[in-house]
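Numbering (the working numbering), first residue to last: 25 to 222.
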């Protein structure tokens, strides 16, 4: 415990940075390669349509059931894709019926649904890699180097984490930000100060 107070997070040496990078690359590769073969989850269309609609129109009408950050983040890569049509003329837009609107957006308006989903999943894969990295550093801070590596290995090859990282939903974003909040709270409780409070 004394060592923890003196040095809350020991710096990584060169070989550790290399191994850390390789493990995160393995996570991203697993999630990215399998994402292209994954069919749409039932709620992905809602999140992608809501995020894209907000980015294109600035209108939150399709984001009434979830905070918009993760949905919007998922839709950012779609801004650079050609040929994506937002069906604002459909009655579901005026009615703010995101169930019907998202179905029309992804499956009925001539958009390439699989391409949209693959691109919308990449930001979530990135959040999954950040989650694995946060687990590594917090476990290292809590219990030392070995614990950090065990946590990272478990995260990189965890089927639940991999599966949720390749879905354009808000689940993984919530998990990441909850973990970061708990880590920050833990840090503040260990060393209360205005800096750790922020």
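Just so you know, even glycine gets a beta-carbon here, dropped at the ideal spot from N, CA and C. Being a predicted model, the structure only gives us computed values, none of them experimental.
Residue i versus residue j: straight-line alpha-carbon distance, rounded
i: residue 92; j: residue 76; result: 10 Å
i: residue 101; j: residue 158; result: 24 Å
i: residue 212; j: residue 139; result: 43 Å
i: residue 84; j: residue 34; result: 44 Å
Among the options, the one whose alpha carbon lies nearest that of residue i
i: residue 137; options: 84, 68, 210 and 41; result: 68
i: residue 94; options: 115, 201, 113 and 52; result: 201
i: residue 108; options: 135, 199, 120 and 89; result: 135
i: residue 189; options: 155, 38, 167 and 74; result: 155
i: residue 37; options: 122, 207 and 169; result: 169
i: residue 208; options: 114, 165, 115 and 127; result: 165
Beta carbon of residue i nearer than 7 Å to that of residue j
i: residue 98; j: residue 144; result: yes
i: residue 176; j: residue 160; result: yes
i: residue 179; j: residue 172; result: no
i: residue 78; j: residue 96; result: yes
i: residue 74; j: residue 142; result: no
i: residue 65; j: residue 191; result: yes
Exposure label - residue i; buried when at least 16 CB within 10 Å
i: residue 152; result: buried
i: residue 111; result: buried
i: residue 149; result: buried
i: residue 132; result: exposed
i: residue 25; result: Bear in mind that the predicted position of residue 25 carries a pLDDT of just 44, short of 50, making it unreliable; the figure below should be weighed with that in mind. Under this definition residue 25 is an exposed residue.
**Report entry** Entirely enclosed alpha helix (DSSP H) segments - the segment 58-106, minimum 4 residues
**Finding:** 68-81 and 92-99
**Report entry** Inside the segment 109-139 only - alpha helix (DSSP H) runs reaching at least 4 residues
**Finding:** 115-118 and 122-127
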